[in-house]
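Protein chains in written order, with this note's numbering: chain E, 1244 to 1437; chain Y, 1244 to 1437. All C-beta atoms in this analysis are idealised placements derived from N, C-alpha and C, irrespective of residue type, glycine included.
There are 2 protein chains.
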Amino acid sequence: MEQPRRPYDIDRLTDVALAVFAQRGFDGASMDDVARAAGITKAAIYHHVSGKEELLERGLRRALEALFAMLDESGASEGRPVERLRYIVRRVAELAIEVLPELTVLVRVRGNSETERNAIERRRAFDAIVAGIVRAAQEAGEFDPALDAAIVVRLIFGMCNSIVEWYRPHGRYTSSDIADAVVRIVFEGPQLGP
Amino acid sequence: MEQPRRPYDIDRLTDVALAVFAQRGFDGASMDDVARAAGITKAAIYHHVSGKEELLERGLRRALEALFAMLDESGASEGRPVERLRYIVRRVAELAIEVLPELTVLVRVRGNSETERNAIERRRAFDAIVAGIVRAAQEAGEFDPALDAAIVVRLIFGMCNSIVEWYRPHGRYTSSDIADAVVRIVFEGPQLGP
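Encoded structure:
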């Protein structure tokens, strides 16, 4: 059944553009592709936005806002450091799915423009906050002190970020299946026995 | 100190092209960029290769050959399934660094051409072999049976693949530091205490 058509506004155009960027890559996607996907003319798009860069900027902002907003949730901000860390890792895995097009575009930025470099800088700030929590967990004797906190954060988020590359909505796995697997692998140590 | 100049051959051109693709993305890189990086004319490049696609194909082949060759090493092919798995995970993390430009290009392919789709198919075959080892480890009671083997493989290799995005040669961390961290996180369960 076809969705009733909302008139285009900047948010809906951003939705369409993100899907196009996620599929073709930002560099590989043109405003013609966005117009085609939206079913409107390029002129009509330029009525709403200044160009591809602005659509990217809006998509990246959504992704970063979702990540930072999560850090304010009580599970991420209260309790023992290792419990906060588990909560954050689970939520980052869930967000990879819940905010899939936005996170897809975020994890693929390479710093080719001012917009991309700003996003990388904010993402690094996010990672640095989480690395601080890893260090707090290590100081509390709750997390392997032999691991470098910065490497831990990069590797764990590398695992979470990879979800955007293979997760398919309405496929076999739910967001919760995948988040459970991430937490089990990272925190439980799935190897059994000697 | 400048390296003595080898005359260009197809392998050296592939090296240069891979570095350009890793930096600018395959879609964002042109043969002009490759020629500039090689310090020769585009005409001279076309003397050696048919085009950008052939350079990509050669790079992807190197990456896949490195991965499959590793599966024949005794650590990957002999012993208890869980020990083979640990060995493979460590080696994939090391290969991300040892064969950095090749693996960078491989982990970023999106299936935009026949060459990319072939590479994705071979990479999937590699993942399927490793998923078989995860299942064997589960059947032997050596690995958490609650985890889906296909998800485990995707997540662990997602972690390994992410190394290409942040590892910098001659930086703070060696290939062995990073491979150790991957194995500790994935197999040991870094959370301590209750």
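Leu-1261 of chain Y and Pro-1344 of chain Y - do their beta-carbons sit closer together than 8 Å? Within the second sequence, residue 1344 of chain Y is the residue found at index 101, counting from 1. Within the second sequence, residue 1261 of chain Y is the residue found at index 18, counting from 1. In contact: Pro-1344 of chain Y and Leu-1261 of chain Y (Cβ atoms closer than 8 Å).
Could you tell me if Thr-1284 of chain E is buried or exposed, where buried requires 16 or more neighbouring beta carbons within 10 angstroms of its beta carbon? In the first sequence, residue 1284 of chain E corresponds to position 41, counting from 1. Looking at its Cβ environment, which holds fewer than 16 other Cβ atoms inside 10 Å, Thr-1284 of chain E is exposed.
Cβ of Asp-1252 of chain Y less than 8 Å from any chain E Cβ? Locating residue 1252 of chain Y in the second sequence gives position 9, where the first residue counts as 1. Cβ-Cβ to chain E under 8 Å: no for Asp-1252 of chain Y.
Are the CB atoms of Ala-1392 of chain Y and Arg-1415 of chain Y nearer to each other than 8 Å? For the purposes of this step, residue 1392 of chain Y is taken as the residue at position 149 of the second sequence. For the purposes of this step, residue 1415 of chain Y is taken as the residue at position 172 of the second sequence. Going by C-beta atoms, Ala-1392 of chain Y is not nearer than 8 Å to Arg-1415 of chain Y.
Quick one: using the 10 Å Cβ neighbour count with 16 as the cut-off for buried, is Arg-1334 of chain Y buried or exposed? If you number the second sequence from 1, residue 1334 of chain Y lands on position 91. It is buried - the Cβ of Arg-1334 of chain Y has at least 16 other Cβ atoms within 10 Å.
Pairs of beta-carbons, one from the region 1347-1361 of chain Y and one from the region 1285-1304 of chain Y, closer than 8 Å: are there three or more? yes
According to DSSP, which residues form a beta bridge with Phe-1386 of chain Y? Within the second sequence, numbered from 1, the residue matching residue 1386 of chain Y stands at position 143. BP columns for Phe-1386 of chain Y point to E:Gln-1434.
Got a sec: which bits of the region 1382-1393 of chain Y sit with their beta carbon under 9 Å from any beta carbon on chain E, in order along the chain? Ala-1383, Gly-1384, Glu-1385, Phe-1386, Asp-1387, Pro-1388, Ala-1389, Leu-1390, Asp-1391 and Ala-1393
7 Å CB neighbourhood of Arg-1365 of chain E in its chain, flanking five on each side removed: Taking the first sequence and counting its residues from 1, the one referred to as residue 1365 of chain E is at position 122. Taken in chain order, the residues that qualify are Leu-1307.
Among E:Ile-1376, E:Tyr-1330, E:Ala-1339 and E:Leu-1328, whose alpha-carbon lies nearest the alpha-carbon of Trp-1409 of chain E? Residue numbering aside, residue 1409 of chain E sits at position 166 when the first sequence is read from its first letter. Checking every option, the nearest Cα to that of Trp-1409 of chain E belongs to E:Ala-1339.
Counting beta carbon pairs with one atom in the region 1396-1406 of chain E and one in the region 1421-1431 of chain E, are three or more of them shorter than 8 Å? yes
What number of angstroms, rounded off, separates the C-alpha of Ala-1272 of chain E from the C-alpha of Leu-1349 of chain Y? Residue mapping note: residue 1272 of chain E aligns to position 29 of the first sequence, counting from 1. Residue mapping note: residue 1349 of chain Y aligns to position 106 of the second sequence, counting from 1. Their backbone Cα atoms lie some 20 Å apart in a straight line.
Could you give the first and the last residue of the continuous alpha helix (DSSP H) run that contains Ala-1306 of chain Y? Counted from its first residue, the second sequence places residue 1306 of chain Y at position 63. 1295-1314 is the span of the alpha helix (DSSP H), which, as asked, contains Ala-1306 of chain Y.
Would you mind sorting Arg-1360 of chain E into buried or exposed? The rule is 16 or more other CB atoms within 10 Å of its CB. The count along the first sequence starts at 1 and reaches residue 1360 of chain E at position 117. With fewer than 16 Cβ atoms within 10 Å of its Cβ, Arg-1360 of chain E is classed as exposed.
Which of the three DSSP states is assigned to Thr-1358 of chain Y in this structure? Here residue 1358 of chain Y refers to the residue found at position 115 of the second sequence. Looking at Thr-1358 of chain Y - three-state DSSP - the assignment turns out to be helix.
Cβ separation of Pro-1324 of chain E and Ala-1383 of chain E, assumed to be a contact under 8 Å, to the nearest whole Å: For the purposes of this step, residue 1324 of chain E is taken as residue 81 along the first sequence, with counting starting at 1. For the purposes of this step, residue 1383 of chain E is taken as residue 140 along the first sequence, with counting starting at 1. Indeed, because the Cβ distance is near 6 Å, the residues count as touching under 8 Å.
Give the DSSP-derived three-state secondary structure of Pro-1344 of chain Y in the structure shown. For this step, residue 1344 of chain Y is matched to residue 101 along the second sequence. Residue state, collapsed to three classes: helix.
Do you know whose CA, among E:Arg-1304, E:Leu-1303, E:Leu-1328 and E:Ala-1424, lies nearest Leu-1314 of chain E's CA? As a first step, residue 1314 of chain E must be located in the first sequence, where it is residue number 71. Taking only the C-alpha atoms, the option nearest Leu-1314 of chain E is E:Leu-1328.
So what's Val-1292 of chain E in DSSP terms, helix, strand or just coil? Position 49 of the first sequence, counted from the start, is the residue given in the question as residue 1292 of chain E. Residue state, collapsed to three classes: coil.
Check Thr-1284 of chain Y in the structure and name its three-state DSSP category. Within the second sequence, numbered from 1, the residue matching residue 1284 of chain Y stands at position 41. Residue state, collapsed to three classes: coil.
Do Ala-1424 of chain Y and Leu-1398 of chain E have their C-beta atoms within less than 8 Å of each other? Here residue 1424 of chain Y refers to the residue found at position 181 of the second sequence. Here residue 1398 of chain E refers to the residue found at position 155 of the first sequence. Yes, the pair counts as a contact, with Cβ atoms nearer than the cut-off.
CB contact below 8 Å: Asn-1361 of chain Y versus chain E: Along the second sequence, read from residue 1 onward, the residue named residue 1361 of chain Y stands at position 118. Not one chain E Cβ lies under 8 Å of Asn-1361 of chain Y.
Quick check on Met-1244 of chain E: buried or exposed, where buried means 16 or more other Cβ atoms within 10 Å of its Cβ? Translated into the one-based positions of the first sequence, residue 1244 of chain E becomes position 1. Low local confidence applies: a pLDDT of 48 at Met-1244 of chain E is under 50, so the model's placement there is unreliable, with the coordinate-based value given in what follows. Exposed: under 16 other Cβ atoms inside 10 Å.
Can you give the Cα-Cα distance for Lys-1295 of chain E and Asp-1276 of chain Y, rounded to whole angstroms? As a position in the first sequence, residue 1295 of chain E is number 52, starting the count at 1. As a position in the second sequence, residue 1276 of chain Y is number 33, starting the count at 1. When rounded, the distance between both Cα atoms is 23 Å.
Can you name the start and end residues of the alpha helix (DSSP H) that Glu-1321 of chain E belongs to? Reading the first sequence from its first residue, position 78 is the one you call residue 1321 of chain E. Looking at the DSSP string, Glu-1321 of chain E is not in any alpha helix (DSSP H), and its letter there is neither H nor E.
Please classify Thr-1417 of chain E as buried or exposed, where buried requires at least 16 other C-beta atoms within 10 Å of its C-beta. Counting from 1 along the first sequence, the entry for residue 1417 of chain E is found at position 174. Exposed is the call here.
Whose Cβ in chain Y lies nearer than 7 Å to the Cβ of Pro-1344 of chain E? Here residue 1344 of chain E refers to the residue found at position 101 when the first sequence is read from its first residue. Within 7 Å Cβ-Cβ: nothing; Pro-1344 of chain E doesn't reach chain Y, min ~14 Å.
Kindly indicate the opening and closing residues of the alpha helix (DSSP H) around Ala-1422 of chain E. Along the first sequence, read from residue 1 onward, the residue named residue 1422 of chain E stands at position 179. 1418-1426 is the span of the alpha helix (DSSP H), which, as asked, contains Ala-1422 of chain E.
DSSP three-state assignment for Arg-1415 of chain E, whether helix, strand or coil: Taking the first sequence and counting its residues from 1, the one referred to as residue 1415 of chain E is at position 172. Residue state, collapsed to three classes: coil.
Which of the three DSSP states, helix, strand or coil, is assigned to Tyr-1199 of chain E? Because residue 1199 of chain E is not part of the residues shown, which for chain E are 1244 to 1437, the question remains open.
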